[in-house]
Every structure is written in C-alpha cells, then in structure tokens.
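The opening residue of the sequence shown carries number 1 in full-length UniProt numbering; numbering runs sequentially from there. Glycine is no exception: its CB is placed at the ideal position from the N, C-alpha and C atoms.
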Amino acid sequence: MNNPLLEPFDQAPFSKIKNEHFKPAFLQAIDDAKKEIDDIVENPDAPTFQNTLEALDFAGQQLDRISSVFFNLNSAETNEEIQKIAQEVSPLLSEFSNDITLNQGLFERIKAVYDQKDTLKLTAEQETLLEKKYKSFSRNGANLNDSDKKRLREIDAELSKLKLKFGENVLAETNKYEMHLTHEEDLKGLPEGEKEAAAQLAESKGKDGWLITLDYPSYIPFMKYAENRELRKELSIAFGGKGFHGDELDNQENILKIVSLRHERANLLGYATHAHFVLEERMAETPEKVMDFLNELLEKAKPAAEREFGELEAFAKELDQIDRLEKWDSAFYSEKLKQKLFNLDDEKLKPYFKLENVINGVFKVAEKLFGLTFKEVQTVEKYHPEVKTFEVYDDKNNFISLFYADFHPRPGKRGGAWMTSFKSQYTLNGKNNRPHISNVCNFTKPTKSKPSLLTFNEVTTLFHEFGHGLHGMLANTTYPSLSGTSVYWDFVELPSQIMENWCYEKEALELFAFHYETGELIPMELVEKIKESATFQEGMATVRQLSFGFLDMAWHSNDPANIKDVKAYEAKAFEGTDLFPDTPQTCMSTSFSHIFQGGYSSGYYSYKWAEVLDADAFAYFKENGIFNKTVADKFKENVLSKGGTENPMELYKRFKGAEPNIDALLERAGLIKKAS
Ligand SMILES: [Zn+2]
C-alpha cells in the first residue's frame with residue numbers, strides 16, 4: 001500500500017492522508033525507530049557524543065512527524081475513527097518510550113559519555129542535551145540495583161492506579177450530586193441563559209424545574225448570581241466536600257498512600273523529598289526557593305487581600321446585613337461589587353475586537369518587535385477549509401516558519417485554545433529546518449449579519465497562544481528535543497503571558513482596536529477600565545493561589561510518615577492564607593486533582609512564578625518603550641530562539657541583566673505602588 005505518511009514529507013500532506021493510513025504508518029515507524037535505537041546500542045565503536053547522544057536525538061523523526069499530524073488532528077478535527085486509532089496506538093507509543101528509558105545498553109553508552117563530559121569540549125547546547133538525556137534515564141532508576149529497580153516499578157504501578165482512583169472518585173462525587181429546584185424564586189439573580197440551561201438539564205434527566213450540579217458551567221454561575229444564601233451554602237459545601245465523606249469515594253487514604261509512595265520513590269532515587277526530585281528539573285530548582293518565593297509574595301499580597309476582604313465584607317453588610325462573610329458569599333458579592341465599580345461588560349468591548357483586526361494586530365506587534373511578516377498563502381494543504389495558512393518571513397526576507405491558524409469551534413475540536421506544531425525546528429547536516437507551528441482556538445463564529453467579534457478575554461487568549469507560537473517559530477537550535485517550547489515547565493509560559501501585556505497598551509491597541517462598523521479607535525477610558533478591572537480583588541486572588549501552592553508544597557516537601565489526619569494537615573498548611581472562616585465539612589486536598597491526579601505535584605507555584613517572569617520582563621520593555629528594538633532583539637536572542645538549550649535562569653539573566661524580581665508583578669497587580 002502506498003502510504004503518504006511513510007514517505008518523507010515536509011508539509012503535512014493532508015489531502016492524501018486517509019484514516020486507514022495511520023495505524024500501519026505508526027507500526028512501521030515504531031519498528032524503524034526501534035532499529036535506529038538498536039543500531040546505536042550495537043554500534044561497535046566506543047560511545048561518543050555524536051554516535052550516541054546526537055544519534056538518539058535524531059532517531060525516530062518519522063515517528064515524531066506522524067505523531068504530530070495524528071494527535072493534532074485528534075485535538076482539532078477528530079471523529080470516532082480517529083479516536084479509536086488513538087486508543088490503539090497510545091499504548092504502543094508509551095511502550096516504545098518506556099522501552100527506551102529502560103534500555104540498559106543504551107544507558108551504559110550515555111553514561112560512558114556522561115562520565116567523561118568534562119573532557120569533551122561540548123557546546124552549551126550539547127552539554128544540556130547530555131545532561132537531560134542522562135537524567136531521563138537516571139531519574140527513572142537506571143542507576144539502581146536490581147531489587148531497587150523492582151521496587152521502583154512496583155511504586156510506579158501502584159501510583160498510577162492510585163492517581164486514577166483519585167480522579168475517578170472526584171468525578172463520581174461530581175456526578176453524584178445534584179441540587180433539584182422546583183420553585184423559580186430559588187433561582188433569583190441568575191441570568192436568563194443560566195436559568196434556561198438549568199431547566200434544560202432538568203428536562204434531560206426527566207425532571208421538572210431546574211437542576212444545578214457541581215460541573216463548572218452550572219456551579220460557577222450559581223455561586224456568582226444566586227441570591228438565596230442558604231442554597232449557595234449548600235452548593236458550596238457539596239463542592240468543597242468532594243472525596244471527603246468517609247464513604248467508598250473518600251480520597252483521604254488515597255492521598256496518604258500517594259504522598260508516601262512519592263516520598264519513598266524520591267528517596268530510592270537519592271532525593272530528600274518528592275519536591276526535591278521534581279524541582280531539580282525546574283527553573284525554581286529547590287523547595288527552599290519555592291517556599292521563599294511563596295512567602296515573599298504572601299507577605300506583599302496579604303495586606304491588600306485583607307483590605308479587599310474588609311471592603312467586600314462591608315459591602316455585603318451594607319447590601320444585605322451579612323455579619324460574617326463566608327466562602328459561599330465571596331463570588332456573589334465580588335460580582336456585585338465589580339458591576340458597581342466598573343459596569344464593564346463584554347458587549348461594550350466586542351465591537352472593537354473583530355477577529356480579522358486582532359489577527360492583523362498581533363502580526364503587526366510581531367513585526368514591530370521581531371521584524372516578522374506574515375503572508376497568507378493558499379498553497380499549503382489544510383486539514384479543514386477554515387484553517388488559515390501563512391508563510392512567515394524575517395526582516396531579511398528569510399523564510400522562518402509556516403503558521404497554521406484555526407480559530408472557530410467545530411464538533412470535532414476539543415475546547416480551549418492551544419499552540420502546537422506539525423514540525424519542530426532543528427539543524428541537521430548544516431541545514432536549518434524551519435518549523436510548522438499552529439494555533440487552535442474556539443472563538444465566536446461570524447454570523448450572517450456580524451463578523452467574529454472577540455471578548456477581551458479572547459483577545460488576550462489569542463495573544464497568549466501566539467506568544468507560544470513565536471517561541472516555536474523563532475526557534476533556532478540544533479537538537480529537536482531542545483527546540484522551541486521544549487523548556488522547563490515553569491519557564492514555558494513566559495513567551496505566551498508576556499504577549500498578553502500588549503493588549504492593555506495604548507500604543508498597541510492603536511494598531512488594531514477599531515470599531516467594526518464605524519472604524520473608530522477604542523476609547524482610552526474603556527482601556528483604563530479594562531486595566532482597573534483586571535486588578536480588581538487581585539490581593540485576594542493572589543493569596544488564594546498562594547494557598548494552593550503552600551498546600552502542594554506541604555504535601556510534597558516533607559516526610560509524610562507522621563501525617564495521620566488529612567484535614568488537620570491541610571489546615572496547618574493554610575495557616576497564614578486564610579481569609580474566610582473554615583468549613584469543617586469541606587477539604588481542598590481530597591479533590592485537588594491538579595497535584596494528586598494531574599502533573600502539578602510540587603508545581604502549583606509555577607502559575608505565580610510565570611506571572612512574576614512575564615511582569616518583570618514586560619516592565620523591562622516598558623522602561624525602554626514597548627516596541628523597543630534592542631529589548632525585543634535581546635528577548636528573541638536569549639529567550640525565544642534558545643528553547644531549552646540552556647538553564648532558563650541563565651537565559652533570563654542574559655536577556656534582562658538580572659534575575660526576575662517580584663515587584664513588577666506586585667505593581668501590575670496593584671498590590672504595591674510603583675516606586676518613583
Ligand atoms: Zn500557555
């Protein structure tokens with residue numbers, strides 16, 4: 001069979017690819033990649049950087065290309081057939097990558113090179129590649145004796161079961177609960193659309209009246225708008241009590257088992273705690289640094305948070321004679337206070353943000369900063385007619401990248417917005433192979449009478465994903481595994497989040513924020529309002545985020561041997577961040593899926609960390625002008641083009657001339673006044 005995926009291709013040949021091509025292509029490419037690995041291991045020559053590390057990094061390229069095409073389609077244009085293939089090939093791919101990390105012969109060769117690394121005269125990028133590859137084996141137990149290796153595998157198997165169970169319990173608890181309302185006055189305060197959704201939900205389950213559930217689209221509006229305080233309390237306690245009912249869905253035992261297995265695993269591998277293990281491969285480096293970071297931010301944000309809490313409490317008292325503000329009052333009175341202070345809604349802003357104008361705007365910003373131009377082309381194959389394709393050139397007219405943009409929702413597209421690539425950048429045999437980058441979003445579609453008009457939140461999302469896109473497009477490295485966005489977890493959001501800052505700047509908005517009918521530029525008092533409302537209750541929000549970071553670190557940077565009571569341990573971790581009275585029936589940890597099911601253990605701090613980075617970096621732009629060419633060049637040279645080729649702190653210092661400082665974030669968030 002002629003299989004377009006198995007022939008060398010540069011641009012993804014969408015028109016030729018049929019679903020039945022994928023499985024055989026995967027099987028063949030996995031086979032080929034295995035042979036390439038075997039050739040490295042069986043090479044009779046002594047291990048060198050080139051015949052081992054470099055060879056390994058360029059092995060399996062066809063498999064990578066096929067995977068990119070396939071999984072990008074599975075996210076943006078899927079169907080039952082593709083989903084079925086994904087189910088079939090995913091285990092094969094994880095087996096293939098496990099086979100590599102458990103390949104002792106391969107590790108011996110890498111270790112041989114690693115042991116002589118000081119005499120090899122490697123470039124900075126080569127050193128990083130060696131370090132990262134070596135670590136990917138050693139952190140998986142390659143240096144352990146056989147009995148420790150066996151124990152490590154047992155722990156890993158046990159942990160993956162427990163994490164799954166944790167998530168299943170949270171989901172079951174979420175689905176089990178429903179609040180059935182039969183009197184319309186109980187929904188008082190909810191916007192019509194939300195009421196309708198609640199009625200439809202009831203109808204779909206064969207019930208009369210309205211149903212409210214613990215799913216976010218149902219839970220959030222109710223907490224925000226429902227005037228019935230008792231019902232908000234009931235819903236809030238149900239939400240906070242997930243996995244904390246002492247029944248078969250309770251997660252307390254699972255948590256204690258997970259943290260103790262993680263601790264044992266870290267110890268086996270020679271680390272003091274799980275957090276030490278995780279943070280070794282993060283910009284933050286150590287639990288001590290993370291704790292210092294969280295504490296420093298808390299100290300600065302706490303006064304603002306307490307002040308905001310006091311204002312909110314006074315507002316609630318004045319409005320409804322509430323004496324003690326509880327957790328279930330927070331979203332409700334915040335929303336009311338926000339409306340009173342700003343009276344700003346999406347409908348006022350949307351006419352200024354026609355999708356085509358915003359795209360033009362982000363392209364112009366990229367041109368002013370990095371000299372890039374975007375030329376729409378019809379010659380590149382697409383996976384859907386709605387996809388737009390661009391060739392990207394630099395200021396010397398060199399081809400830089402292909403850029404795919406796919407903006408609107410479709411049945412086969414998952415929710416959210418993301419950046420991905422169909423081909424990553426790398427340099428091989430002296431040739432710099434340029435990347436193929438894609439942004440996928442779910443923005444409001446145009447209608448017959450109206451173009452696609454974005455909410456302000458969608459505008460910042462577009463700039464955000466485009467920032468990730470620039471990280472991919474401007475990549476300029478040798479090795480594919482270090483290229484573009486392949487950087488430490490707590491560094492990857494710098495290029496994306498920094499771009500959002502331009503959306504608040506007059507000089508940037510002047511490039512694109514024109515009314516779609518009148519052509520009038522967005523009034524600056526509206527922009528001021530957007531800025532002010534963006535920092536509304538930022539102190540409280542910051543302290544809340546920090547509390548999750550503290551809780552995460554409490555679970556993972558200590559020996560869990562003596563923890564007996566999950567709720568009491570959590571309460572201790574929350575000391576210092578509490579604003580609201582405790583609710584004894586609820587527990588955050590028992591449904592904290594980010595850290596007990598997902599990949600955020602010892603990593604929750606990185607949300608704030610990334611904000612500190614982008615605020616600090618943008619402050620540097622602002623000092624010199626937001627389109628200052630010298631600063632932009634430094635950002636491109638030291639951050640955007642470098643991928644993961646060097647330690648991110650070193651890259652950052654080369655860009656900014658100093659380590660990041662939290663003051664810029666505090667100023668932007670309105671938590672401290674700008675020093676004059
Ligand atoms: Zn992002």
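Taking the Cα positions, Asp329 is about 20 Å away from Glu178. By the criterion of a C-beta distance shorter than 7 Å, Asn638 is surrounded in its chain by Leu651, Arg654, Phe655, once the five residues flanking it on both sides are discounted.
Judged by DSSP secondary structure, Asp250 falls outside any beta strand (DSSP E); it is assigned neither H nor E. For Glu493, the CB falls within less than 6 Å of some heavy atom of ligand 1.
Ligand 1 has a heavy atom closer than 6 Å to the beta-carbon of Ser496. Using a Cβ distance threshold of 7 Å, Phe512 and Leu521 do not count as a contacting pair. Residue pairing by DSSP places Ala405 opposite Lys388, Asn439 in a beta bridge. Each of Thr630, Asp616, Thr286 was checked against the Cα of Ala658, and the nearest Cα belongs to Asp616. In the structure shown, the three-state DSSP call for Ser218 is helix. According to the DSSP assignment, Thr460 belongs to the alpha helix (DSSP H) that extends over 456–473. As the crow flies, the alpha-carbon of Asp633 is around 11 Å from that of Phe621. With contact defined as three or more Cβ pairs closer than 8 Å, the stretch 32–50 and the stretch 404–411 are not in contact. Ranking Met283, Gly60, Glu185, Ala12 by CA distance to the CA of Ala33 puts Gly60 first. If you draw a straight line from the Cα of Ser75 to the Cα of Asn228, it is about 40 Å long. When only Cα atoms are considered, Pro91 and Gly430 end up about 36 Å apart. In the DSSP annotation of this structure, the continuous segment of the alpha helix (DSSP H) that includes Ile100 starts and ends at 80–101. As summarised for the stretch 346–394, the continuous beta strand (DSSP E) elements at least 3 residues long and confined to that stretch are 373–376, 388–393, given in chain order. In the three-state scheme derived from DSSP, where H, G and I count as helix and E and B as strand, Leu211 is classed as strand. DSSP places Tyr620 within a helical segment (H, G or I) once states are collapsed to three. For secondary structure counted as the alpha helix (DSSP H) over 4 or more consecutive residues, the stretch 101–152 holds these complete runs in sequence order: 104–115, 124–138. Secondary structure note for His180: its beta strand (DSSP E) is the uninterrupted segment 179–181. In this structure, the CA atom of Tyr504 is about 50 Å from the CA atom of Phe107. Taken in chain order, the stretch 540–585 contains no complete beta strand (DSSP E) segment of 3 residues or longer. Straight through space, the alpha carbons of Gln252 and His245 are spaced by roughly 9 Å. Non-local C-beta neighbours of Gly189 in its own chain, meaning closer than 7 Å and more than five positions away in sequence, comprise Tyr225, Ala226, Glu227, ordered along the chain. Here Lys207 is not near Leu474, since their CB atoms are 7 Å or more apart. Of the residues assessed, Ile400 falls on the buried side of the cut-off, its CB having 16 or more other CB atoms within 10 angstroms. Note on geometry: alpha-carbon atoms of Trp210 and Phe491 lie some 44 Å from one another. DSSP places Trp328 inside the alpha helix (DSSP H), whose first and last residues are 327–342. Leu453 has Lys354 as its beta-bridge partners, per DSSP.
Residue pairing from DSSP places Asn433 in a beta bridge opposite Tyr426. Assignment of Met283 by DSSP, reduced to helix, strand and coil, places it in the coil class. Scanning the stretch 585–655 for uninterrupted beta strand (DSSP E) segments of 3 residues or longer gives nothing; none is fully contained.
Between Thr373 and Glu381, the C-beta spacing is not below 7 Å.
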